[in-house]
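Colleague: First the structure, then my questions, so here it is.
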Amino acid sequence: MTRRLAAFVAMVLALLALPVAAQERAPLVLAAASLQESMNAAADAWARAGHARPVISFAASSALARQLIAGAPADLFVSADEEWMDALAAKGLLARGTRVDLVGNRLVVIEPAHARTRITLRTLGAVLAQGAVAMADPAAVPAGKYGQAALEKLGAWSAVAPHIVRAENVRAALALVERGAAPFGIVYETDARASPKVRIAGIFPASSHPPIRYPIARLVNSRNPAAEAFRHFLISTQGRATFARFGFLRP
């Protein structure tokens, strides 16, 4: 009897000694493609604190939102614009009180790193009309929608539109310029900073497009307590400092 009791106590103590990460179920996060480096860095920091590292899936916000509307499981969603988060809210898919703007960004024109084009507001349309311009699909993807709005505001859309190469997301647009498949691209500033193969040739004024904000929210069907804890970490001072290291702005 004494041996059984001792064995039971030893088992309980062993279970208590297990690290938190071994007991915690990793949250599933669907995040905009432009967050790859920064969100992975935040997930690494969370894991170093003893938590289960979040599982993160990156794609265009439009593709992720459509997956969620179709019933795909997830705990957290981070969109690159307000509209796709609004679409989930309209379907009743967001947990009440969990939506908040996480970070902001800038919109830029990029070119291969060896090029030396200098684009001004006056020369924007004429320069971009000289060759293919890679950008995320303006019909649905946030980076593309911001890009079209900026070009329209600056009077360059009609000249540039025939030269646009539509990509499935902003990282796909970046890759086209990296490979030399397009001489120019329109991406977020953080995407340009993430690649040594491109340089920024011009920056769109913030007033030329809607504010670039990345809202985060927990999904209403999430039952993982770690998801809410990770969301709080991301919007904390430490979490936002991680995104700032990669060039993201306060929203």
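Counting the sequence shown from 1 gives a position; our numbering is that position plus 608. Even glycine gets a Cβ: it sits at the ideal position worked out from N, Cα and C.
Measure the CB-CB distance between Val711 and Ala640 and report whether it falls below 8 Å.
Modeller: Their beta carbons are not under 8 Å apart, which means Val711 does not touch Ala640 by this criterion.
Colleague: For my contact list, Ala734 and His771 are in at a C-beta cut-off of 8 Å; report their separation, rounded to the angstrom.
Modeller: Ala734 to His771, Cβ: 12 Å. No contact.
Colleague: Going along the chain, which unbroken runs of the beta strand (DSSP E) with 3 or more residues stay wholly within the segment 767-824?
Modeller: The qualifying runs are 772-775, 792-796 and 806-811.
Colleague: On the DSSP letters alone, give me the boundaries of the alpha helix (DSSP H) that Ile727 sits inside.
Modeller: Ile727 -> no alpha helix (DSSP H), and no H or E assigned at all.
Colleague: Quick check: the segment 805-816 against the segment 770-787, are there 3 or more CB pairs under 8 Å?
Modeller: With the cut-off at 8 Å, the segment 805-816 and the segment 770-787 touch.
Colleague: Compute the Euclidean distance between the alpha carbons of Leu857 and Arg633, then round it to the nearest angstrom.
Modeller: Near 31 Å, if we compare the C-alpha coordinates of Arg633 and Leu857.
Colleague: Where does Ala698 fall in DSSP's three states?
Modeller: Helix.
Colleague: Kindly indicate which residue of Ala802, Tyr754 and Ala790 has the alpha-carbon position closest to the one of Gln738.
Modeller: Checked all of Ala802, Tyr754 and Ala790; the closest Cα to Gln738 is Ala790.
Colleague: What is the rounded straight-line gap between the Cα of Ala852 and the Cα of Val795?
Modeller: About 18 Å.
Colleague: Bridge partners of Phe866, per DSSP?
Modeller: Outside the shown range of the chain, which is 609 to 859, sits residue 866, and nothing can be said about it.
Colleague: In the DSSP assignment, find the beta strand (DSSP E) that holds Gly712 and state where it starts and stops.
Modeller: Val708 to Gly712 is the span of the beta strand (DSSP E), which, as asked, contains Gly712.
Colleague: Can you give me the Cβ contacts of Phe854 inside the same chain, cut-off strictly under 6 Å, excluding the 5 residues immediately before and after it?
Modeller: Contacts found: Glu645, Ser646 and Thr798.
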